[in-house]
Amino acid sequence: MTQNAIIGGTGLTRLSYLRVTRREVVKTPYGEPSGPVVHGTIAGAEVAFLPRHGPGHAIPPHLVNYRANIWALRHVGVQNVIAVNAVGGIRPELAPGDLVFPDQIIDYTWSRGHTFFEHELARVVHIDFTHPYSRVLREVLCRAARDSELPAHEAGTYGATQGPRLETAAEIDRLERDGCDIVGMTGMPEAALARELSLNYAACAVVTNAAAGRGAEVITMTEIEANLKIGTRRVRILLEKAVPLL
Ligand code: HPA
Numbered sequence: 344m345t346q347n348a349i350i351g352g353t354g355l356t357r358l359s360y361l362r363v364t365r366r367e368v369v370k371t372p373y374g375e376p377s378g379p380v381v382h383g384t385i386a387g388a389e390v391a392f393l394p395r396h397g398p399g400h401a402i403p404p405h406l407v408n409y410r411a412n413i414w415a416l417r418h419v420g421v422q423n424v425i426a427v428n429a430v431g432g433i434r435p436e437l438a439p440g441d442l443v444f445p446d447q448i449i450d451y452t453w454s455r456g457h458t459f460f461e462h463e464l465a466r467v468v469h470i471d472f473t474h475p476y477s478r479v480l481r482e483v484l485c486r487a488a489r490d491s492e493l494p495a496h497e498a499g500t501y502g503a504t505q506g507p508r509l510e511t512a513a514e515i516d517r518l519e520r521d522g523c524d525i526v527g528m529t530g531m532p533e534a535a536l537a538r539e540l541s542l543n544y545a546a547c548a549v550v551t552n553a554a555a556g557r558g559a560e561v562i563t564m565t566e567i568e569a570n571l572k573i574g575t576r577r578v579r580i581l582l583e584k585a586v587p588l589l
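Quick note on numbering: the sequence shown equals residues 344 to 589 in my numbering.
See below:
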């Protein structure tokens with residue numbers, strides 16, 4: 344049984360370096376996951392892969408069925424999840440193409456299926472979420488990045504916005520005042536749902552652009568895609584080191 348999983352974000356709908364062994368369609372009480380769970384190996388280590396936005400990258404961040412995805416991974420026996428997310432950099436030292444392993448999150452999303460604990464409960468459940476990411480998994484990512492000499496930032500606060508539009512400059516000012524270092528649309532409720540099912544979860548954020556009002560006058564998809572290319576090459580190097588360490 345595969346204990347380790349990768350959730351692929353924008354730019355990571357297919358892992359060319361994943362040696363696929365089988366695809367598993369999982370039915371969940373929460374509806375359809377983004378696609379079949381793809382089982383395979385990376386650098387000889389077993390891993391399951393699920394592209395968050397679907398195999399064709401057609402599911403926008405606010406419509407991803409985060410509950411079904413996390414439930415499906417748990418159902419196939421996964422214990423450890425590394426999530427890959429494209430983000431905007433709020434602090435100037437976060438250059439496009441850099442990797443960030445956040446240690447905190449602030450959730451600005453709304454109206455997403457965000458908990459498994461709402462119906463037919465014997466009693467109300469409140470999970471502890473003080474430290475939203477697994478310390479052990481983050482350490483694995485940090486070690487892999489150091490060993491590979493990748494440009495990576497070992498901590499940061501991820502501001503999760505609703506999307507699919509990018510933010511206004513004033514919204515980014517507010518996020519910065521709140522203490523956010525990076526901004527993305529997919530960090531939540533995924534991290535909290537993983538905690539609800541007792542999965543170890545860590546994120547590898549790829550900076551694709553300076554956040555709104557922090558760089559170019561307008562943020563273009565061309566810019567995001569070009570930086571994503573650089574970032575996903577680094578994610579490959581990272582995962583080939585990190586997955587065998589899990
Ligand atoms: N904001 C939100 N999500 C993102 C960004 C951004 O600037 N870049 C990539 N994903």
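Note that beta-carbon positions come from the ideal geometry of N, C-alpha and C, so glycine has one too.
In the DSSP annotation of this structure, the continuous segment of the beta strand (DSSP E) that includes residue 450 starts and ends at 447 to 450. Residue 373 places its beta carbon less than 9 Å from that of residue 414.
For residue 550, no alpha helix (DSSP H) run applies; the uninterrupted beta strand (DSSP E) run containing it begins and ends at 543 to 553, by DSSP. Here the distance from the Cβ of residue 344 to the nearest heavy atom of the ligand HPA is not below 8 Å. With a cut-off of 8 Å, the C-beta of residue 509 is classified as near the ligand HPA, since at least one heavy atom of the ligand falls inside that distance.
At the C-beta level, residue 410 and residue 536 come within 9 Å of one another.
Under DSSP, residue 501 shares a beta bridge with 448 and 525. The Cβ neighbour count for residue 564, taken over all protein chains shown within 10 Å, is under 16; the residue is labelled exposed. In the three-state scheme derived from DSSP, where H, G and I count as helix and E and B as strand, residue 412 is classed as helix.
For residue 578, the CB contacts under 8 Å within the same chain, skipping 5 residues up- and downstream, are 355, 427, 442, 547 and 549 in chain order. At a cut-off of 8 Å, the beta-carbon of residue 567 counts as near the ligand HPA: some heavy atom of the ligand is closer than that. When rounded, the separation of the alpha-carbon atoms in residue 502 and residue 526 is 5 Å. Residue 555 has its Cβ nearer than 8 Å to a heavy atom of the ligand HPA. For the 9 Å CB-CB criterion, residue 471 and residue 530 do not form a contact.
Burial is judged here by how many other beta carbons sit within 10 angstroms of a residue's own beta carbon; residue 462 has fewer than 16 and is exposed. Membership of residue 365 in any alpha helix (DSSP H) is not indicated; the residue belongs instead to the beta strand (DSSP E) covering 362 to 367. With a cutoff of 9 Å on beta-carbon distance, residue 347 and residue 589 are scored as near each other. Looking only at 521, 474, 560 and 555, the smallest Cα-Cα distance to residue 534 is reached by 474.
By DSSP's assignment, residue 380 forms a beta bridge with 367. Close CB contacts of residue 383 within its chain, under the 6 Å cut and outside five residues either way in sequence, are with 361, 362, 363 and 364 (chain order).
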